[in-house]
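According to my numbering, the sequence shown holds residues 1 to 156 in order.
Built from N, CA and C at the ideal position, the CB exists for glycine as well.
A quick write-up on the structure given underneath.
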Amino acid sequence: MSWKNFYPFDNMDEFKKITQNMEGFSSIDEYIKHIFSQTMPPSMFPDLFEEKEKKNPNKQKKEEIEKKKLEYQIFDLHDFVIVRIPINRKINVSELKIYHTSSLLTVKGIPNKKDKHEIPLPALVKHKKTRTKFKNRILEITMPKVQDNRYTEINF
């Protein structure tokens, strides 16, 4: 007996017939297609992507949401966390609202005044001494990290 006898993808038509009326398999199928679409170029599975586009009437809404995602870079340095956000020429930086907790940065006003973006920080930061700088259409937010140098004894 060969290992090919156990390969599940030889006869997909038969598999589809068997699982057609079973609950739960459609969600697995959609999940697998989603993973393929995220990891492999469309040229490898053109039929897979065409079928997905036909089934998804909300594709335009998803694309609009993705366009509203904020582009940023985070740098986790030894003493600081730095967040850099490219700013469009149409945005007045003085109208932005920027807040942060020890683990989350919130930016309001990009790209529209009502938009709000939350950026999780890679390390805990102090509540004070945060600096901002705007240069060459890049908003840079520098936050000092919390330094916890307390020793704790560990018992056996």
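Which residue marks the beginning of the beta strand (DSSP E) containing valine 81, and which one marks its end?
In the sequence shown, residue 81 corresponds to position 81, counting from 1. Per DSSP, valine 81 belongs to the beta strand (DSSP E) from 80–86.
Pairwise C-alpha distance: isoleucine 35 and proline 144:
By one-based count along the sequence shown, residue 144 stands at place 144. By one-based count along the sequence shown, residue 35 stands at place 35. C-alpha separation (whole angstroms): 38 Å.
Would you list, in sequence order, the uninterrupted beta strand (DSSP E) runs of no fewer than 3 residues that lie entirely inside the stretch 99–152?
104–108, 116–120, 131–135, 138–144
For isoleucine 154, count neighbouring Cβ atoms within 10 angstroms of its own Cβ and tell me buried if that reaches 16, exposed if not.
For this step, residue 154 is matched to residue 154 along the sequence shown. Of the residues assessed, isoleucine 154 falls on the exposed side of the cut-off, its CB having fewer than 16 other CB atoms within 10 angstroms.
So serine 102 and histidine 127 are in contact, right, with Cβ under 8 Å, and what is the actual spacing, rounded?
For the purposes of this step, residue 102 is taken as residue 102 along the sequence shown, with counting starting at 1. For the purposes of this step, residue 127 is taken as residue 127 along the sequence shown, with counting starting at 1. With a Cβ gap of about 7 Å, serine 102 and histidine 127 count as contacting.
Starting from the C-beta of lysine 133, find all residues in its chain whose C-beta is less than 6 Å away, skip the five residues before and the five after it, and write them out in chain order.
The sequence position of residue 133 within the sequence shown is 133, counting from 1. Correct list, in chain order: Glu140.
Taking its Cβ as the centre, do 16 or more other Cβ atoms sit within 10 Å of leucine 104, making it buried, or is it exposed?
As a first step, residue 104 is located in the sequence shown; it is residue number 104 there, counting from the start. It counts as exposed.
From the DSSP output, which residues share a beta bridge with lysine 90?
Indexing the sequence shown from 1 puts residue 90 at position 90. Answer by DSSP bridge pairing: none, since lysine 90 is not bridged.
Pull the bridge partners of lysine 97 from the DSSP assignment, please.
As a first step, residue 97 is located in the sequence shown; it is residue number 97 there, counting from the start. In the DSSP output, where bridge partners are listed per residue, lysine 97 has Lys108.
Quick one: Cα of alanine 123 to Cα of histidine 100, how far?
Position 123 of the sequence shown, counting from 1, holds the residue named residue 123. Position 100 of the sequence shown, counting from 1, holds the residue named residue 100. Approximately 12 Å, taken between the alpha carbons.
Would a C-beta distance cut-off of 8 Å place threonine 106 and glutamate 118 closer than the cut-off?
The residue you call residue 106 lines up with position 106 of the sequence shown. The residue you call residue 118 lines up with position 118 of the sequence shown. Cβ atoms of threonine 106 and glutamate 118: closer than 8 Å.
Range covered by the beta strand (DSSP E) that runs through isoleucine 74
Residue 74 sits at position 74 when you count from the first residue of the sequence shown. 73–76 is the span of the beta strand (DSSP E), which, as asked, contains isoleucine 74.
In whole angstroms, what separates the C-alpha of lysine 116 from that of valine 83?
As a working mapping, residue 116 is identified with position 116 in the sequence shown. As a working mapping, residue 83 is identified with position 83 in the sequence shown. Each residue's Cα considered, the two are about 16 Å apart.
Using alpha carbons as the reference points, say which of Val125, Tyr151, Asn136 lies closest to tyrosine 142.
Reading the sequence shown from its first residue, position 142 is the one you call residue 142. For the record, residue 142 in the displayed sequence is threonine; it is not tyrosine. Check the Cα spacing between threonine 142 and each of Val125, Tyr151, Asn136: the tightest is with Val125.
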